[in-house]
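Visitor:
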Amino acid sequence: MVRLEPRRGRLIIHVFKKKFEWTIEPRYWRNPIIGLIIWLALPVILIGISQLFPISVLRIISTLIFANIICMIAIPLTVQIIGTGRVNFGPHFFAAIGGYTSALLSKNFGLSPIATLPTSFALGALIALFLSPITIISRGLYFVLITLLLPFILLEIAYWQSEIFGAETGIPGVPILLETGNVFLDNVLYFYLSLMIVLLFLFFADRILRSRYGFLMGVINEDEEVAESYGINTTRMKIPTFAITSGAMAIAGWFIAHYYGSFTGPAWLQPSFLIIILLTTTLGGKGAIYGVVLSAYVIASLREATRVAFGELSIVVLFIILLLLLYFLPEGFWGLYRKRRYREYFPSIKIRRG
Amino acid sequence: MLDILAYIFLYTFIFGSLFLGTALGFTIITGVLRVFHLGYGATFLIVAYGTWMFWKDVGTDFIASIILSFALIALFTVAVYKLVISKFLQMEDYLLAALLSVFIIIEEFVNFVYPEVVGVYLPTSVTKETLTLAGASVPAQLAVVALSAIAITVIYLLFLTRTKVGLIMRAISQDPFASKLMGVNFDRMFILALFVASIPPGLIILLISPVWALNPFIGWPLFTYAILATVLGGLGNLKGTIMASYILGFVFAVTGFAINPRMMLLAALVVVIVVLIFKPRGLARAETIW
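So the sequence lines, in the order shown, correspond to chains F and X.
Heads up, the first sequence is in our numbering, so the first residue is 118 and it goes up one at a time.
Heads up, the second sequence is in our numbering, so the first residue is 19 and it goes up one at a time.
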């Protein structure tokens with residue numbers, strides 16, 4: 118049956134004939150626990166700060182929710198880049214698939230957000246599965262280009278079939294997820310809901326990347342030909358990775374549609390949103406899923422700060438700052454942390470040309 | 019029916035030449051530098067709005083303003099190469115993200131200084147006549163744009179095939195490391211290639227501005243055309259780009275005049291995706307620029 122066996126620094130869980138190992142040594146979990154406590158307490162900390170300084174807590178919580186939305190796309194994207202060895206320049210395409218699916222199903226068929234969640238994931242994964250041959254036939258810049266064109270196609274379809282997709286006005290009247298009557302409380306709840314999704318994504322991404330499957334993904338990322346010569350069936354690795362991570366990105370679209378109460382494709386399919394996601398993954402540190410979280414929060418905060426400080430010039434200033442960060446932090450935010458605490462193998466992104 | 023065929027014929031030529039004009043520089047960059055320059059769309063904006071700035075705000079003569087705007091492009095080219103491309107050349111994902119950021123910075127800055135309400139207009143009309151062929155009519159200025167694009171392409175072909183600099187560029191496009199061993203000054207040639215590549219889109223935007231209203235967000239759609247033609251052509255092969263431009267022009271014309279004008283770009287995108295799925299390296303594999 119189930120038996121726990123404590124060992125030095127780790128716990129072995131025996132389930133029937135299978136063994137699962139969980140590292141419990143303090144130096145491994147102390148920092149994640151501290152990070153998680155700070156993360157969960159953010160709204161409370163912000164309320165405390167708002168008592169001392171004249172800041173709009175509501176606005177800051179909206180910024181944190183936006184950071185979580187970026188995380189929902191950037192974490193699966195990072196896993197996808199590692200597992201396929203290719204950089205997807207159309208992550209917002211899959212998010213938009215999720216958004217449109219949720220908005221159309223809930224508006225036209227009256228489906229609840231609980232029902233649209235699996236549908237969005239499934240459709241995102243299904244479309245990715247249909248497109249997955251591109252992970253076999255193209256690589257390098259060609260893969261970048263094909264994926265870069267996908268959002269344009271969706272955008273053009275949205276304009277062409279504007280009666281269905283609403284073009285620039287989008288699809289309004291999508292049922293929202295939470296409504297207590299108190300705007301502030303709603304936003305706090307949305308923050309925790311989005312945080313929960315991000316934590317789930319982080320948990321699964323972490324487990325996958327530390328597993329044998331993650332190790333094989335890392336080998337594919339390092340060198341696909343070498344991986345094949347070692348007998349790894351790269352196609353069987355790349356296709357599920359591409360499909361499932363794309364489905365996960367569609368969940369971000371589901372959240373966007375039910376959080377804002379509408380989904381407007383032209384707003385989310387713009388290159389400026391794409392570059393925010395890409396910079397989140399690169400500034401996070403290559404292949405670092407925890408760095409992605411840090412990066413998303415820094416970028417979302419900078420976006421809000423520049424909006425307040427520079428008004429109409431905010432995007433220019435934001436991207437100059439991000440460019441400078443890219444320039445001076447070649448290993449990203451996680452690189453700063455990992456330089457001091459290099460512990461174990463973790464697959465990292467390696468992009469090849471050709 | 020005849021007039022529809024005439025429209026398709028005319029606009030295949032016009033759209034095809036326009037795509038060729040916008041994609042020419044991009045093909046040179048991808049062919050010589052082997053870099054996917056996502057900041058290429060900024061070239062259109064710098065030339066158009068740079069000319070307007072020198073002409074209206076600084077008070078320079080119009081022709082001098084055009085020359086100064088190309089000098090501005092040269093400065094931009096050197097800055098992008100020195101600060102971005104040379105820094106991230108070995109890190110493709112960083113390079114693409116940085117170049118796209120550069121484009122957004124330029125686009126948003128132009129939008130801040132000259133928003134659409136300013137009504138930027140450049141008097142570069144060569145003719146205000148209308149061209150008529152078998153019942154189909156088209157602004158003659160568009161034909162001027164198309165003919166100019168072809169002329170620029172011919173000049174560039176002569177430059178690449180008949181001059182020493184062109185020979186060096188072709189050598190780099192064939193094998194960068196071997197050309198380096200032969201003593202090619204990479205930095206200088208890269209900057210030169212970037213500048214040479216920015217001239218055709220600059221001329222196209224100047225000529226087309228009287229027909230297509232200028233706005234700060236025109237760079238991305240024009241860049242999309244350049245991407246489509248270059249990718250379909252084989253990413254850095256001029257023969258492929260020429261073929262791809264007219265194929266896309268035909269797709270645009272047929273969709274626009276025989277199916278639904280709202281589906282023009284969609285049809286072109288689908289054609290490119292389908293071709294790439296079956297021929298992942300495009301119509302002409304980019305072993306060399308020509």
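Idealized CB from N, CA, C, for every residue including glycine.
Quick caveat: nothing in here was measured; it's all calculated off a predicted structure.
Expressed to the nearest angstrom, what Euclidean distance is found between the alpha-carbon atoms of X:Ser166 and X:Val98?
Guide: Sequence index remark: in the second sequence, residue 166 of chain X carries index 148 (1-based). Sequence index remark: in the second sequence, residue 98 of chain X carries index 80 (1-based). Approximately 28 Å between the Cα atoms of the pair.
Visitor: What does X:Pro194 reach in chain F if we use C-beta pairs closer than 9 Å?
Guide: Along the second sequence, read from residue 1 onward, the residue named residue 194 of chain X stands at position 176. Neighbours of X:Pro194 on chain F: none; closest Cβ ~11 Å, over 9 Å.
Visitor: Any beta carbon of chain F sitting closer than 8 Å to that of X:Val288?
Guide: Here residue 288 of chain X corresponds to residue number 270 of the second sequence, with the count starting at 1. Chain F, which has a Cβ nearer than 8 Å to the Cβ of X:Val288, makes this yes.
Visitor: Going by CA-CA distance only, name the one from F:Ile166, F:Ala322, F:Phe372 and F:Tyr276 that's closest to F:Ala405.
Guide: Start at 1 with the first residue of the first sequence, and residue 405 of chain F comes out as number 288. Of F:Ile166, F:Ala322, F:Phe372 and F:Tyr276, the residue nearest in Cα terms is F:Ala322.
Visitor: Under three-state DSSP, which class holds X:Pro228?
Guide: Position 210 of the second sequence, counting from 1, holds the residue named residue 228 of chain X. It is coil, neither helix nor strand.
Visitor: Between the segment 61 to 75 of chain X and chain F, which residues of the former have a C-beta closer than 8 Å to a C-beta of the latter?
Guide: The residues in question: there are none.
Visitor: Could you give the uninterrupted runs of the beta strand (DSSP E) lying entirely in the segment 64 to 100 of chain X, keeping only those of 3 residues or more?
Guide: The segment 64 to 100 of chain X contains no whole beta strand (DSSP E) run of 3 or more residues.
Visitor: F:Val305 lies in the alpha helix (DSSP H); which residues open and close that run?
Guide: Along the first sequence, one-based indexing puts residue 305 of chain F at 188. Looking at the DSSP string, the run of the alpha helix (DSSP H) that includes F:Val305 is Val300 to Arg327.
Visitor: What does F:Pro208 touch in chain X if you count any residue whose Cβ is under 9 Å from its own?
Guide: By one-based count along the first sequence, residue 208 of chain F stands at place 91. Chain X residues near F:Pro208: none, gap ~13 Å exceeds 9 Å.
Visitor: In terms of residue numbering, what span does the beta strand (DSSP E) encompassing F:Ala422 cover?
Guide: Translated into the one-based positions of the first sequence, residue 422 of chain F becomes position 305. Run containing F:Ala422: none in the beta strand (DSSP E); it sits in the alpha helix (DSSP H), Ile406 to Phe427.
Visitor: Any idea what DSSP makes of X:Ala152, helix, strand or coil?
Guide: For this step, residue 152 of chain X is matched to residue 134 along the second sequence. Three-state DSSP puts X:Ala152 in coil, outside helix and strand.
Visitor: State the DSSP-derived secondary structure class of X:Arg188, mapped to helix, strand or coil.
Guide: Counting from 1 along the second sequence, the entry for residue 188 of chain X is found at position 170. Looking at X:Arg188 - three-state DSSP - the assignment turns out to be helix.
Visitor: In terms of residue numbering, what span does the alpha helix (DSSP H) encompassing F:Leu294 cover?
Guide: Here the question's residue 294 of chain F lines up with position 177 in the first sequence. Neither: F:Leu294 is in no alpha helix (DSSP H) and is coded neither H nor E.
Visitor: In the segment 389 to 415 of chain F, which residues sit with their C-beta less than 7 Å from some C-beta in chain X, listed in chain order?
Guide: Within the segment 389 to 415 of chain F, the qualifying residues are Ser389, Ile392, Leu395, Leu396 and Thr399.
Visitor: How long is the line joining the alpha carbons of F:Leu400 and F:Leu435, rounded to whole angstroms?
Guide: Residue 400 of chain F sits at position 283 when you count from the first residue of the first sequence. Residue 435 of chain F sits at position 318 when you count from the first residue of the first sequence. Looking at the two C-alpha atoms, the distance is approximately 14 Å.
Visitor: Strictly below 8 Å CB to CB, what residues from chain X border F:Tyr347?
Guide: Along the first sequence, read from residue 1 onward, the residue named residue 347 of chain F stands at position 230. The premise fails here: F:Tyr347 is roughly 25 Å from chain X at the closest Cβ pair, so nothing lies under 8 Å.
Visitor: Interface residues of chain F around X:Ile47 at Cβ under 7 Å?
Guide: Taking the second sequence and counting its residues from 1, the one referred to as residue 47 of chain X is at position 29. Chain F residues near X:Ile47: none, gap ~12 Å exceeds 7 Å.
Visitor: So, does the CB of X:Lys105 fall closer than 8 Å to a CB anywhere in chain F?
Guide: Position 87 of the second sequence, counted from the first residue, corresponds to residue 105 of chain X. So, interface residue.
Visitor: Which residues in chain F sit within 8 Å of X:Arg180, going by Cβ to Cβ distance?
Guide: Residue mapping note: residue 180 of chain X aligns to position 162 of the second sequence, counting from 1. The contacting residues do not exist; X:Arg180 stays about 29 Å from chain F at best.
Visitor: Give me the subset of the segment 423 to 438 of chain F whose CB atoms are less than 7 Å from a CB atom of chain X, sorted by chain position.
Guide: Residues passing the 7 Å Cβ filter: Glu429, Leu430, Ile432, Val433, Phe436 and Ile437.
Visitor: In whole angstroms, what separates the C-alpha of X:Ala116 from that of X:Val135?
Guide: In the second sequence, residue 116 of chain X corresponds to position 98, counting from 1. In the second sequence, residue 135 of chain X corresponds to position 117, counting from 1. Spanning the two alpha carbons is a distance of roughly 30 Å.
Visitor: Run through DSSP, which three-state label would X:Pro157 get?
Guide: As a working mapping, residue 157 of chain X is identified with position 139 in the second sequence. Correct three-state label for X:Pro157: strand.
Visitor: Compare the C-alpha of X:Leu101 against each of X:Phe235, X:Ile209 and X:Ala231 and name the closest.
Guide: Here the question's residue 101 of chain X lines up with position 83 in the second sequence. Considering only alpha carbons, the answer is X:Ile209.
Visitor: From the beta carbon of X:Trp230, is the nearest beta carbon of chain F less than 8 Å away?
Guide: As a working mapping, residue 230 of chain X is identified with position 212 in the second sequence. Chain F contact via Cβ: absent.
Visitor: Would you say the beta carbon of X:Tyr139 comes nearer than 7 Å to a heavy atom of the ligand MG?
Guide: This structure lacks the ligand MG; in fact it carries no ligand of any kind.
Visitor: Closest by CA to X:Gly258, which one among X:Ile47, X:Arg303, X:Ala189 and X:Phe275?
Guide: Within the second sequence, residue 258 of chain X is the residue found at index 240, counting from 1. Nearest C-alpha to X:Gly258: X:Arg303.
Visitor: Measure the CB-CB distance between X:Ile226 and X:Val144 and report whether it falls below 8 Å.
Guide: Within the second sequence, numbered from 1, the residue matching residue 226 of chain X stands at position 208. Within the second sequence, numbered from 1, the residue matching residue 144 of chain X stands at position 126. Result no, Cβ atoms of X:Ile226 and X:Val144 do not sit closer than 8 Å.
Visitor: Mind listing, in chain order, the continuous alpha helix (DSSP H) runs of no fewer than 4 residues lying wholly within the segment 244 to 302 of chain X?
Guide: 256 to 272 and 282 to 296, all fully within the segment 244 to 302 of chain X.
Visitor: Can you pull the chain X residues whose beta carbon is under 8 Å from the beta carbon of F:Ser255, in chain order?
Guide: Indexing the first sequence from 1 puts residue 255 of chain F at position 138. What F:Ser255 touches in chain X: Leu294 and Pro298.
Visitor: For F:Arg470, name the three-state secondary structure that DSSP assigns.
Guide: The sequence position of residue 470 of chain F within the first sequence is 353, counting from 1. The predicted position of F:Arg470 is uncertain, since its pLDDT is 39 and thus under 50; a value taken from the coordinates is nonetheless stated next. Residue state, collapsed to three classes: coil.
Visitor: On the CB-based measure, 16 or more other CB atoms within 10 Å of its CB, does F:Ile186 come out buried or exposed?
Guide: By one-based count along the first sequence, residue 186 of chain F stands at place 69. Buried is the call here.
Visitor: Below 8 Å on the Cβ atoms is my contact criterion, and I expect F:Ile151 with F:Leu163 to pass it. Report the Cβ-Cβ distance as a whole number of Å.
Guide: As a working note, residue 151 of chain F is residue 34 in the first sequence. As a working note, residue 163 of chain F is residue 46 in the first sequence. Actually they are not in contact, since the Cβ atoms of F:Ile151 and F:Leu163 sit about 18 Å apart, beyond 8 Å.
Visitor: What do you reckon, are the CB atoms on F:Ile288 and F:Leu221 nearer than 8 Å?
Guide: As a position in the first sequence, residue 288 of chain F is number 171, starting the count at 1. As a position in the first sequence, residue 221 of chain F is number 104, starting the count at 1. Yes, they are a contact pair.
Visitor: Answer yes or no: does any C-beta atom of chain X fall closer than 8 Å to that of F:Glu339?
Guide: Translated into the one-based positions of the first sequence, residue 339 of chain F becomes position 222. False, the Cβ-Cβ gap to chain X never drops below 8 Å.
Visitor: Should F:Thr236 be labelled buried (16 or more other beta-carbon atoms within 10 Å of its own) or exposed?
Guide: Here residue 236 of chain F corresponds to residue number 119 of the first sequence, with the count starting at 1. When all chains shown are included, F:Thr236 counts as buried.
Visitor: Quick check on DSSP: helix, strand or coil for F:Tyr462?
Guide: Mapped onto the first sequence, residue 462 of chain F falls at position 345. For F:Tyr462, the pLDDT reaches just 45, beneath the cut-off of 50, and the residue's location in the model is therefore unreliable, although a value from the coordinates is still provided. The answer is coil: DSSP assigns F:Tyr462 none of H, G, I, E or B.
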